[in-house]
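So the structure is just underneath, and the comments pick up after that.
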Amino acid sequence: MLNNYAETELREGTLFSKKYNDYYSSKKDALSESTYVFLEKNNLIQRWLNLPENKDLFTIGEVGFGGGINFLNCCKKWLELDLKNKRLAYFATEKMPLKLDDMKILHGFYESLNAASNELLDTYPKLTEGFNLIELFNGKVQLCLIFDDAEIGFSQLIQSKQNSNTSYFESFDCWFLDGFSPNLNPSAWSSNLLKQVARLSSKHTTLSSFSAASKLQKTLAENGFNVSICKGFGGKRSMITASYKDNHNISPYVNPLGWHVEKYTPTRFKKKQNITIIGGGITGCLTAVALKKRGFNITILDQHGDVAIEASGNNRAVLYPRLSAHSSSLADLNMIALQFASNYYKKFWEEECGQQCGVLVLPKSNTEEKIFHNISLRYGRNENFFELLYNKTLKKIAGLNLSAECGLFFPTLGWLSIPKICKNLIREFDIPIISSKADGLRFIASENSWEILNERKKIVNTAHKLVIANSHAAKVFNETSFLSIKKLRGQISQFESNSFSKNLKCVVCAEGYITPSFENSHVCGATYNHNNDFTYTRQVDHESNLKKIFKIDSLFHEFSKNLKPEDINGRVGFRGTTRDYLPFTGAVPDFTKMKNDFDYLRDDAKKVTQQTGSYLPNLYVNCGMGSRGLTYAPLCAEILASEISNQIPPIPKRIRLDIHPARFIIRDIKKKRI
Ligand SMILES: Cc1cc2nc3c(=O)[nH]c(=O)nc-3n(C[C@H](O)[C@H](O)[C@H](O)COP(=O)(O)OP(=O)(O)OC[C@H]3O[C@@H](n4cnc5c(N)ncnc54)[C@H](O)[C@@H]3O)c2cc1C
């Protein structure tokens, strides 16, 4: 839990931090100060207007998000310019975030920021330590808000052998140093932090700060910045502007055992290329959209010639939460993914692709009840994200006389029709679909492109880059046949609602789940049938689904009281699940080469070397969403699209490695499994 959210009070018409004994924003005209110190001194408007055609992203880093005034000011100006096919990425750290109510009070002083403020307040994340990713203004702005110490936060973005000379990823374009004053808050200005800032910078990067402290000038210079002093805002004597020196010799961040390190490719402002996505499920569609937003020419190739036909054909999929009382790969990915997804799908709920009715998770046992309490302690009070409810409130929320003592309620989640989402997106982003079953891939080195072959070895499509997003069927390609991904059958059951069952107001989950009545029916599910390829629905699976909801609470018997077997419909789908239940998202490794290069780990799993991984050119994979495609697909699409565009993925590197397609090669060599 983030215990250290900001303690504030109102003083002299603005918000005052008790801890830092300082104001959140200038008492006099904070907006003009923000414009002067950060926008004007980094020449942002001119730079935005002159963005090269093939640079679609402008990245700002801010130390000290505070009340978000600089962010809102940037958003306002950025949106006013209405630049076509350009996006603003804003990474900000804040060790002591403001509570939502305090943020509202502060924003209330700046009427001209109202429109931008409303959108931020609407999506403002839970106050939980770590990364929070939010898309705003219809995807025109992406905010990665890191509630952590700035040095820790930014260091998690450094991906590989990264400095301005060797980076695979585009650097930050601009930095705002806006922490509380260096005397009061030294960690926001430390040499170690500025080293991370430098590692994420290149010769195009500029920086500004209201401070002109001589120590800051010195540390910036030591870390490769050309520093200038200019007149400060209003009555202030001076402030700092700086630009990063080309080829400054800062030690790159080197990962020992860099199996995930990409080969250096000169990337800046590359021409946008054709990308084909194999697979038109939710993973393929959302990846297509994330790449299209970045200016690539996208085609989807699916064996059905349409989208959302297989696992993604589910018309009532639930956006499930999966929290944990402790940090783990699965829990941390789920937390970021869930928050990102719940914002991402807002527009689809508005378009009536489902119901944002809330999801109530009930404990399956006494032990789980305790875990729920620990989860609640870990995350603290975050009513806008979830709340631990007790029996009386829980009954009211569910609309039913449930007997559970407690439950976790997520008001911003619900269910969605995946086919509606996919179809709406394909239409909106005008993405063509080719109908063909891919059976093989061939890289043509002379053309630097890939050919997709059908079962008769005929070329059905050619593209500069490919994304394999065909779930468990990724194994059909030689290039990805090594991936540990399994086909896992599942069945959902749908039956008519009755006057009693219509009282259910939200999705209720435990081992199984049930959705509230919609168009006179409920859906419950789902089965997990290993080693089973039956494509038709089975009565035994309907019974199993009903049993699961009866186990949640005996009153669910009333839901299916007079049902005959023939009254229950459903559908079957096949999930693609991985060994650790985490997706595979990233560049496709060259399995044979990596197996040879890292063979030494077989004898000494802890041996540290500078060996880097090997990856197939321009080939990527995004699959293995398991039973959480709705939750994972938006974030994984964003991560992959960032990677393909050489943009820094907006997640901690640890999570990127947790979902990396090469992770099992290394683990399996160490365990002598391969
Ligand atoms: C019964 C059931 C219930 C579920 N309920 C939920 C839920 O409530 N919430 C949730 O989040 N998740 C749920 N899931 C999981 C979710 O449906 C999946 O995680 C998600 O749909 C996976 O999407 P995908 O795009 O990766 O795969 P898919 O939707 O399977 O898409 C893969 C696509 O690739 C195409 N393809 C395959 N091979 C080839 C080829 N060789 N050439 C061309 N095209 C090819 C297929 O035609 C298909 O369109 C459920 C799954 C099942 C089975």
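All letters in the sequence shown, in the order written, are residues 35 to 708 by the working numbering.
Just so it is clear, CB atoms sit at the ideal spot from N, CA and C, and this is done for glycine as well.
As the structure is a prediction and not an experimental result, all values here were calculated from the model.
Cβ-based burial, residue i [other Cβ within 10 Å; buried from 16]
{"i": "LEU335", "result": "buried"}
{"i": "ILE452", "result": "buried"}
{"i": "ASN435", "result": "exposed"}
{"i": "PHE303", "result": "For PHE303, the pLDDT reaches just 49, beneath the cut-off of 50, and the residue's location in the model is therefore unreliable, although a value from the coordinates is still provided. That one is exposed."}
{"i": "GLN196", "result": "Because GLN196 sits at a pLDDT of 44, beneath the cut-off of 50, its placement in the model cannot be relied upon, and the following sentence gives the value as read from the coordinates. The residue in question, GLN196, is buried, as its Cβ has 16 or more Cβ neighbours within 10 Å."}
{"i": "ALA479", "result": "exposed"}
{"i": "ARG707", "result": "exposed"}
{"i": "ILE699", "result": "buried"}
{"i": "TYR424", "result": "exposed"}
{"i": "TYR124", "result": "buried"}
{"i": "THR200", "result": "Note that THR200 scores 49 on pLDDT, short of 50, meaning its location in the model is unreliable and no value can be drawn from it."}
{"i": "ASP567", "result": "exposed"}
{"i": "ASP116", "result": "exposed"}
{"i": "TYR378", "result": "buried"}
{"i": "PRO32", "result": "Nothing about residue 32 can be read from this structure; the chain reaches only from 35 to 708."}
{"i": "THR612", "result": "buried"}
{"i": "LYS627", "result": "exposed"}
{"i": "LYS598", "result": "exposed"}
{"i": "LEU170", "result": "buried"}
{"i": "GLU672", "result": "buried"}
Contact under 7 Å by Cβ, residue i with residue j
{"i": "LEU711", "j": "CYS657", "result": "This structure does not reach residue 711, given that the chain is present from 35 up to 708, and the question cannot be answered."}
{"i": "THR181", "j": "GLU128", "result": "As written in the sequence, residue 181 is Phe, which differs from the Thr given in the question. It is a contact, given that the beta carbons lie within the stated cut-off."}
{"i": "TYR654", "j": "VAL501", "result": "yes"}
{"i": "LEU147", "j": "LEU106", "result": "yes"}
{"i": "ILE94", "j": "CYS208", "result": "yes"}
{"i": "LEU227", "j": "PRO684", "result": "no"}
{"i": "VAL71", "j": "SER242", "result": "yes"}
{"i": "PHE590", "j": "PHE584", "result": "yes"}
{"i": "TYR58", "j": "LEU49", "result": "yes"}
{"i": "ASP56", "j": "LEU177", "result": "no"}
{"i": "LYS229", "j": "ASN260", "result": "no"}
{"i": "LEU664", "j": "LEU475", "result": "no"}
{"i": "GLU577", "j": "SER555", "result": "no"}
{"i": "ARG662", "j": "ALA345", "result": "no"}
{"i": "ILE309", "j": "ALA497", "result": "yes"}
{"i": "ALA322", "j": "ILE312", "result": "no"}
{"i": "LYS687", "j": "GLN190", "result": "yes"}
{"i": "GLY604", "j": "THR571", "result": "yes"}
CB-CB length for residue i against residue j, believed under 8 Å
{"i": "PHE382", "j": "LEU450", "result": "6 Å"}
{"i": "LEU122", "j": "PHE92", "result": "6 Å"}
{"i": "LEU411", "j": "LEU442", "result": "About 12 Å; that fails the 8 Å criterion."}
{"i": "SER527", "j": "ILE602", "result": "5 Å"}
{"i": "ILE431", "j": "LEU357", "result": "Wrong, their Cβ atoms sit about 18 Å apart, outside the cutoff."}
{"i": "HIS564", "j": "LEU522", "result": "7 Å"}
{"i": "GLN525", "j": "GLY559", "result": "7 Å"}
{"i": "GLU204", "j": "ASN652", "result": "In fact, because the Cβ distance is near 17 Å, the residues do not count as touching under 8 Å."}
{"i": "ILE79", "j": "ASP366", "result": "Not really, about 38 Å apart at Cβ, beyond 8 Å."}
{"i": "THR240", "j": "SER277", "result": "5 Å"}
Residue from the options with nearest C-alpha to residue i
{"i": "PRO86", "options": "GLY329, GLU386 and VAL557", "result": "GLY329"}
{"i": "GLN645", "options": "ASN652, TYR654, TYR634 and LEU49", "result": "TYR634"}
{"i": "ALA150", "options": "CYS108, TYR649, SER51 and PHE188", "result": "CYS108"}
{"i": "GLU439", "options": "PRO599, THR427, ASN260 and ASN512", "result": "THR427"}
{"i": "GLU185", "options": "TYR378, LEU134, TYR58 and GLU96", "result": "GLU96"}
{"i": "ASN349", "options": "LYS454, GLN390, GLU672 and THR253", "result": "LYS454"}
{"i": "GLY266", "options": "PRO131, GLY292, GLU67 and ASN368", "result": "GLU67"}
{"i": "GLN251", "options": "HIS238, ALA232, LEU234 and THR275", "result": "THR275"}
{"i": "GLY102", "options": "MET137, LYS118 and ARG81", "result": "MET137"}
{"i": "SER551", "options": "LEU254, PHE420 and CYS391", "result": "CYS391"}
{"i": "ASN532", "options": "LYS595, PHE511, ALA472 and SER272", "result": "LYS595"}
{"i": "LEU134", "options": "THR42, ASP575, SER225 and GLN389", "result": "THR42"}
{"i": "ARG81", "options": "ALA126, TRP112 and PHE477", "result": "TRP112"}
{"i": "LEU650", "options": "GLY448, HIS294, ASN579 and SER262", "result": "HIS294"}
{"i": "ARG701", "options": "TYR413, ASP637 and LYS687", "result": "ASP637"}
{"i": "LYS174", "options": "PHE188, ALA222, LYS118 and LYS581", "result": "LYS118"}
{"i": "GLY187", "options": "ASP90, PHE210 and GLU163", "result": "GLU163"}
{"i": "PHE477", "options": "ASP340, ASN495, ALA671 and GLU462", "result": "ASN495"}
*Evaluate the contact criterion for the segment 395-407 versus the segment 688-698: three or more CB pairs, one atom per stretch, below 8 Å.*
Too few Cβ pairs lie closer than 8 Å, so no.
*Counting Cβ pairs, one atom from each stretch, are 3 or more of them under 8 Å apart for the segment 608-627 and the segment 459-468?*
Flag = no, the segment 608-627 and the segment 459-468 do not touch.
*Is it true that the segment 493-513 meets the segment 651-665, where meeting means three or more beta-carbon pairs spaced less than 8 Å apart?*
Enough Cβ pairs lie closer than 8 Å, so yes.
*Flag this pair as touching only if the segment 151-164 and the segment 364-375 have three or more C-beta atom pairs under 8 Å; answer yes or no.*
The answer is yes - the segment 364-375 touches the segment 151-164, with three or more Cβ pairs under 8 Å.
*Say whether the segment 484-500 touches the segment 529-548, bearing in mind that this needs 3 or more beta-carbon pairs closer than 8 Å, one atom from each stretch.*
Contact between the segment 484-500 and the segment 529-548 is absent, because fewer than three Cβ pairs lie under 8 Å.
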